[in-house]
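Participant:
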Amino acid sequence: MALQQEIIQALGAKPAIDANEEIRRSVDFLKAYLSAHPFLKTLVLGISGGQDSPLAGKLSQMAISELRDETGDTALQFIAVRLPYGVQA
């Protein structure tokens, strides 16, 4: 068995990734979490300037926008906080 196949099997990873499917899965996860915890109305994300931050921000904004449309709850919001240059947790 090739090393790649061993890793896929050991980690239960997918051999191929469908970007649209993964985006939908992530947005649905955020929506389900907020729906399960109705006292939560805001997603807050520290934007560091790296590649992951804008992606996480876009997914969060998509989830909030969809939930607002579905529920009519205008209290739902996404806040992005720009972190100071060179500072990361």
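This note's numbering numbers the first residue of the sequence shown as 133 and each following residue consecutively.
Where is the CB? At the ideal position from N, CA and C, for every residue including glycine.
(1) Using a Cβ-Cβ cut-off of 6 Å (strictly less than) and excluding sequence neighbours within five positions of Leu-172, which residues of its own chain qualify?
(2) Can you find the residues in the same chain that come closer than 6 Å, C-beta to C-beta, to Gly-96, ignoring five residues on each side of it along the sequence?
(3) Rounded to the nearest angstrom, what separates Thr-203 and Gln-183 at their Cα positions?
(4) Which full runs of the alpha helix (DSSP H) of 4+ residues lie inside the segment 175–220, going along the chain?
(5) Which same chain residues, not among the five before or five after Gly-189, have their C-beta less than 8 Å away from its C-beta?
Facilitator: On the basis of the data shown:
(1) Numbered from 1 along the sequence shown, position 40 holds the residue referred to as residue 172. The answer, listed in chain order, is Leu-166.
(2) Any answer about residue 96 is impossible in this case: the structure gives the chain only from 133 up to 221.
(3) Locating residue 203 in the sequence shown gives position 71, where the first residue counts as 1. Locating residue 183 in the sequence shown gives position 51, where the first residue counts as 1. Going from the Cα of Thr-203 to the Cα of Gln-183 covers about 31 Å.
(4) 184–203
(5) Taking the first residue of the sequence shown as 1, we reach residue 189 at position 57. Same-chain partners within the cutoff: Leu-177, Ile-179, Phe-210 and Ala-212.
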